[in-house]
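Under full-length UniProt numbering, residues 1 to 402 are what the sequence shown spells out, in order.
Beta carbons: idealized from backbone N, C-alpha and C, even for Gly.
Structure, as structure tokens:
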Amino acid sequence: MTPDVHPYDYDLVVIGGGSGGLAAAKQAAKLGAKVACLDFVKPSPRGSTWGLGGTCVNVGCIPKKLMHQAGILGESFSDAKEYGWHVRNDGHDWNKMKNGKIETMTANRILIAVGGRPSYLDVPGAEESLGYDTTVAIRSIPLRGFDTEIAEKIVGYMERHGTKFMRDSQPCAFEKRAGGKIAVKVKNTVFGNEFETEFDTVILAVGRHAVTAGLNLGAAGVRVNPRNGKIPCVDEVTNISHIYAVGDVLDMRQELTPVAIKAGVNLVNRIFSGGKYGCIGMSEELAIETFGDENVEIYQSYFKPLEWAVNHAEHDGVAHREDNACYAKLITNLSDDERVVGFHYVGPNAGEVTQGYAVAMKMGAKKSDFDGTVGIHPTVSEEFTILSITKRSGVDATKRGC
1 MTPDVHPYDY
11 DLVVIGGGSG
21 GLAAAKQAAK
31 LGAKVACLDF
41 VKPSPRGSTW
51 GLGGTCVNVG
61 CIPKKLMHQA
71 GILGESFSDA
81 KEYGWHVRND
91 GHDWNKMKNG
101 KIETMTANRI
111 LIAVGGRPSY
121 LDVPGAEESL
131 GYDTTVAIRS
141 IPLRGFDTEI
151 AEKIVGYMER
161 HGTKFMRDSQ
171 PCAFEKRAGG
181 KIAVKVKNTV
191 FGNEFETEFD
201 TVILAVGRHA
211 VTAGLNLGAA
221 GVRVNPRNGK
231 IPCVDEVTNI
241 SHIYAVGDVL
251 DMRQELTPVA
261 IKAGVNLVNR
271 IFSGGKYGCI
281 GMSEELAIET
291 FGDENVEIYQ
301 SYFKPLEWAV
311 NHAEHDGVAH
321 REDNACYAKL
331 ITNLSDDERV
341 VGFHYVGPNA
351 GEVTQGYAVA
361 MKMGAKKSDF
371 DGTVGIHPTV
381 SEEFTILSIT
391 KRSGVDATKR
401 GC
């Protein structure tokens, strides 16, 4: 941005101090623009609030990753015994881990980066102070929008590790009971029957909504999708040429921190879960829908990484390191010289394995490029350089040996 000569107080006003807003504000200031960054967090129903940094730093990616790491370390106590370590596990200590006025300003350009907040179910008790932190809830298919086969593998992994799933179930009401328990009335969406069960803590996950309601965007003429409060944009530009939007507030965009920071540049979609999943590009279903079944080839492999080879232990009757639990999948477009259009991986260190392949696929990598690469041995990433069994062949893709 080149600072302009104008009668306004600022060259740029950024509304929102999250990942996208701060990235834009810092870059504009670096280029010599006079910038103001406005940040406000409405307290949650439980009174939680935070400062600069937005969802990712305060209540999203970063704390989630730290808590996930705490879980991994806990799981490693079981694995350590198989490697000859005898470590006492004393359990987890959670406590170790965890004046306004109105002012008017003007700007030549305005950037909306207010992000989103968790949505709450429109049922009795959903917004009341239940005594627990309430955030999210799921009601239908797992990991909507991701590869269906991979999503089911993640569910299977979680079930084998003790997570229970109630399919086709939708909460109808919440009620706090004596002793701090929360009674949840649930309706089966297939058969219509209702039942009630109690929990210590309820986590809601019905998605997020854009924080645009209080911005009075209509006064500026900015169009908003009435269904979700998000702002339709083309290349981050709203229908008002000097007003822009980035991050989770954008309509029909992935709500990911890298997307907000890169302002529209498509990066790797990644999730963390017990069985880590890294993906790039299209799911199997989307590739077939886009190119046709006859033009899509899928290469796959079920394998066991070396670091799991020692641990054959069962805990509570469950094999926590089952054979060939990891999965590699490449989806190629046969009509385009087998250009790789989808990359999917379930296994350890998914983020590290996935990142480099994103660069290759962005440059148009083909299956022959993967085949022509000498893998680093022994690593899980090398599996993608030796994939040879296709799904349509019907051949067992379970790997045996190195």
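Spell out the partners DSSP gives residue i in its beta bridges.
i           : result
Glu297      : Thr332
Tyr345      : Gly278, Ala328
Lys237      : Per the sequence shown, residue 237 should be read as Val rather than Lys. Looking at the DSSP assignment, Val237 forms a beta bridge with Val234, Tyr244.
residue 429 : Lying outside 1 to 402, the shown extent of the chain, residue 429 is not represented and no answer is given.
Arg339      : Asn333, Lys366
Phe291      : In the DSSP output, where bridge partners are listed per residue, Phe291 has none listed.
In three-state terms, what does DSSP make of residue i?
i           : result
Arg392      : helix
Tyr83       : coil
Val353      : helix
Arg208      : strand
Ser169      : strand
Leu217      : helix
Ala365      : coil
Lys153      : helix
Asn225      : coil
Leu186      : Here residue 186 turns out to be Val, not Leu, going by the sequence shown. Residue state, collapsed to three classes: strand.
Lys181      : coil
Leu73       : helix
Phe174      : strand
Thr197      : strand
Leu250      : strand
Phe384      : helix
Lys30       : helix
Leu52       : coil
Lys164      : coil
Lys42       : coil
Ile376      : coil
Pro63       : helix
Thr104      : coil
Gly20       : helix
Leu143      : coil
Val57       : helix
Asn78       : Inspection of the sequence shows that residue 78 is occupied by Ser rather than by Asn. Helix.
Asp90       : coil
residue 458 : Nothing about residue 458 can be reported from this structure: the residues present for the chain run from 1 to 402 only.
Glu159      : helix
Would you call the CB atoms of residue i and residue j closer than 8 Å?
i      : j      : result
Leu330 : Phe343 : yes
Cys172 : Lys185 : yes
Ala397 : Val341 : no
Ile231 : Val237 : no
Ala328 : Leu387 : yes
Phe146 : Val155 : no
Gln170 : Thr189 : yes
Thr385 : Asp371 : yes
Tyr8   : Thr106 : yes
Arg339 : Gly356 : no
Ser301 : Lys399 : yes
Val353 : Val380 : yes
Pro226 : Leu306 : no
Glu149 : Glu289 : no
Glu194 : Lys187 : yes
Ala24  : Val296 : no
Val13  : Ala29  : no
Ala350 : Lys304 : no
Asp337 : Lys362 : no
Arg167 : Glu198 : no
Ser19  : Gly54  : yes
Can you name, in chain order, every residue of its own chain whose Cβ lies under 7 Å from the Cβ of residue i, other than the five neighbours on each side?
i      : result
Val87  : Phe77, Ala80
Leu217 : Val224
Phe291 : Asn333, Ser335
Glu382 : Gly375, Ile376
Val234 : none
Ser393 : none
Given the structure, does residue i come close to the ligand FMN, in the sense that its CB is under 7 Å from one of the ligand's heavy atoms?
i     : result
Gly71 : No copy of the ligand FMN appears in this structure; indeed no ligand is present at all.
By Cβ distance, which residues of its chain are closer than 6 Å to residue i, with the 5 residues on each side in sequence left out?
i      : result
Leu52  : Gly17, Asp39
Phe272 : Residue placement at Phe272 is poorly supported in this model, since its pLDDT is 31, which falls under 50; the coordinates still yield a value, given next. His68, listed in sequence order.
Kindly list the residues whose CB is nearer than 8 Å to the CB of residue i, restricted to its own chain and excluding five residues on each side of it in sequence; keep chain order.
i      : result
Thr49  : Val41, Lys42, Pro43
Asn239 : Gly221, Val222, Arg223, Pro232
Asn228 : His209, Ala210, Asp251
* Asked: How do the segment 275–284 and the segment 343–355 stand: do at least 3 beta-carbon pairs fall below 8 Å, yes or no?
  -> yes
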